[in-house]
Amino acid sequence: MTTKEQTPFQADADLVDWMVDIRRTIHQYPELANEEHRTQKYITEKLDELGISYRNNTVHTGLIATIGPSAAGTDTEEEEKDLSCVALRADMDALPVQEKTGLPFASKLPGSMHACGHDGHVAMLLGAASLLKNAALPGKVVLIFQPAEESGDGALAMIEDGAFAGVQAIFAGHIDRHFKVGQIAAEPGLICAYTDKFEIKICGRGGHAARPHETIDSIVVASLLVMSIQTLVSREVNPAYPSVVSVGHFQGGSAHNVIAEEAILEGTIRATHPDI
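As C-alpha cells, this is what we get:
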C-alpha cells in the first residue's frame with residue numbers, strides 16, 4: 009500500500025480561485041511577443057499583493073522576482089553565495105490567432121489569443137509564488153516571467169540581462185490538454201521536441217491568368233514544394249527519431265486573375281534529436 013506524503017505546499021480553494029481569475033483576466037487581454045506591457049503591469053500588481061520583490065526594468069517586457077532570505081536584503085554578499093538558488097519560469101506572450109471559443113472570458117483583442125496556454129503558465133507561477141512566499145526556504149527562488157517566447161528572442165534577451173545569475177537549476181512546465189487535471193508528465197531526458205522555424209520564398213514570373221505559358225507560376229511551384237516537404241520525415245529521417253515538419257503559412261498573389269510572381273511558405277520543424 010502506498011501513502012501520499014503530506015506536503016506544506018497545499019493549494020486551498022481560495023488560492024485555486026485566485027489563480028483561475030488571474031488566468032482568465034490575462035486570457036482576455038492577450039499580447040503578442042515584446043508587446044506584453046499590460047500583462048507585465050498586471051503581474052507586478054499581483055506580486056505587490058503578495059509582498060514579493062521584483063524588478064521590471066529587464067529587457068523587453070520581462071519581469072524577475074525573488075523569494076527567500078536574500079530577497080529581504082538581510083544577507084551579506086558572502087552569505088548569499090552559499091545559498092542554494094533555483095528558478096521557476098513562465099512565458100507571457102500570446103499568438104496572432106482570432107479566438108472563436110465564445111467563452112465568457114474570451115479575448116477582447118481582435119486577432120490575438122492565448123492559444124498556447126501562456127496565460128495559464130503565468131497563473132501557475134504566481135500560484136507557486138503565493139505558496140513559496142510563506143514557506144521556510146533554505147535558499148532563494150527566482151521567478152522568471154519571460155516575454156517573447158513565440159518569437160524566440162525573449163529567453164536569450166533575459167539570460168543576457170542576468171536572469172540566470174546565481175541560478176543552479178531552473179524548472180518550467182507546459183500545460184497540455186491531453187492530460188487530465190492534476191496529472192503531471194515528466195521523464196528523464198527530452199519530453200518536448202526541439203523546434204525551429206523556416207521560411208521559403210519562391211520567385212517566379214508573374215503574368216495574366218489567361219496566359220500561364222508566359223509565366224513561371226510561383227503558386228504551383230510552392231504547392232509542389234508543400235507536398236514534397238511531407239515526404240522529408242518519412243524518407244529522409246531515421247524512424248527512431250520522432251520528427252514533424254508542418255507548413256503553417258502559404259501566401260502568394262494579390263488578385264484572382266493574375267499569376268503570382270512570388271509565393272512564401274513558413275512553417276516549423278520539430279524533432280527529438282539535435283542532429284535533425
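Position in the sequence shown (first residue = 1) + 8 = the numbering used here.
C-beta atoms are modelled at their ideal positions from N, C-alpha and C, and glycine is treated no differently.
Keep in mind that this is a model prediction, so the values were computed, not measured.
Collapsed DSSP secondary structure at residue i in the structure displayed
| i | result |
| --- | --- |
| TYR37 | coil |
| HIS129 | helix |
| SER262 | coil |
| GLU168 | helix |
| LYS205 | strand |
| LYS157 | Here residue 157 turns out to be Glu, not Lys, going by the sequence shown. Reduced to three states, the DSSP call for GLU157 is coil. |
| THR11 | At THR11 the pLDDT is 40, less than 50, meaning the model places this residue with poor confidence and gives no usable figure here. |
| VAL255 | strand |
| ALA271 | strand |
| LEU139 | helix |
| HIS216 | strand |
| THR276 | strand |
| LEU151 | strand |
| VAL229 | helix |
| ALA163 | helix |
| ARG185 | coil |
| SER120 | coil |
| ASP99 | strand |
| VAL94 | strand |
| LEU55 | helix |
Close Cβ partners of residue i (< 6 Å) along its chain, the five nearest in sequence each way excluded
| i | result |
| --- | --- |
| LYS209 | ILE272 |
| ALA95 | VAL150, ILE152, VAL175 and ILE178 |
| GLY261 | ALA268 |
| ASP204 | ILE277 |
| SER254 | GLY275 and THR276 |
| ILE4 | One cannot answer for residue 4 here, as it falls past the ends of the chain, which runs 9 to 284. |
Residues of its chain near residue i, where Cβ-Cβ distance is below 7 Å and the 5 sequence neighbours each way are ignored
| i | result |
| --- | --- |
| HIS68 | ASN42, PRO155, ALA156, GLY162 and ALA165 |
| LYS116 | GLN36 and TYR37 |
| MET100 | GLU44, THR47, HIS126, VAL130, PHE153, GLN154 and PRO155 |
| LEU58 | ALA137, SER138 and LYS141 |
| ALA146 | Per the sequence shown, the amino acid found at residue 146 is Pro instead of Ala. If we look at PRO146 and ignore the five residues flanking it on each side, its Cβ neighbours are SER92. |
| GLU222 | GLY215 |
Nearest-angstrom beta carbon gap, residue j and residue i [assumed within contact, 8 Å]
| i | j | result |
| --- | --- | --- |
| LYS54 | ILE30 | 7 Å |
| ARG213 | GLU269 | 6 Å |
| GLY256 | THR276 | 7 Å |
| THR52 | ASN64 | 6 Å |
| VAL234 | VAL241 | Wrong, their Cβ atoms sit about 14 Å apart, outside the cutoff. |
| VAL266 | ALA230 | Not confirmed; about 15 Å, so no contact. |
Proximity to residue i [Cα-Cα], best of the options
| i | options | result |
| --- | --- | --- |
| LYS108 | ASP56, PRO118 and VAL149 | PRO118 |
| LEU103 | ASP127, LEU91, PHE113 and PRO112 | ASP127 |
| LEU198 | GLY181, VAL189 and GLY190 | GLY181 |
| ASP184 | PRO112, CYS124, PHE206 and ASP25 | CYS124 |
| GLU207 | VAL105, SER138, ILE237 and LEU91 | ILE237 |
| SER226 | GLN259, ALA201, GLU195 and TYR249 | GLN259 |
| PRO282 | SER262, ALA263 and ASN246 | ASN246 |
| GLY160 | GLY170, TYR202 and HIS186 | TYR202 |
| ASP22 | HIS221, PRO77, PRO146 and GLY135 | GLY135 |
| PHE172 | GLN191, ILE192, ILE224 and ALA73 | ALA73 |
| ALA4 | ARG243, ILE34, THR223 and GLU222 | Not covered by the structure: residue 4. The range shown for the chain is 9 to 284. |
Buried or exposed by the 16-neighbour rule on C-beta atoms within 10 Å, applied to residue i
| i | result |
| --- | --- |
| MET121 | buried |
| LYS148 | buried |
| LEU140 | buried |
| GLY70 | buried |
| SER138 | buried |
| HIS264 | exposed |
| ALA111 | Checking the displayed sequence, the identity of residue 111 turns out to be Leu instead of Ala. That one is exposed. |
| LEU232 | exposed |
| ALA279 | buried |
| ALA98 | buried |
| CYS200 | exposed |
| ILE284 | buried |
| TRP39 | As written in the sequence, residue 39 is Glu, which differs from the Trp given in the question. Buried, since its Cβ has 16 or more Cβ neighbours within 10 Å. |
Own chain residues within Cβ distance below 8 Å of residue i, not counting five before or after
| i | result |
| --- | --- |
| LEU133 | LEU96, ARG97, ALA98, LEU151 and PHE153 |
| ALA193 | ASP184, PHE187 and ILE199 |
| GLU168 | VAL67 |
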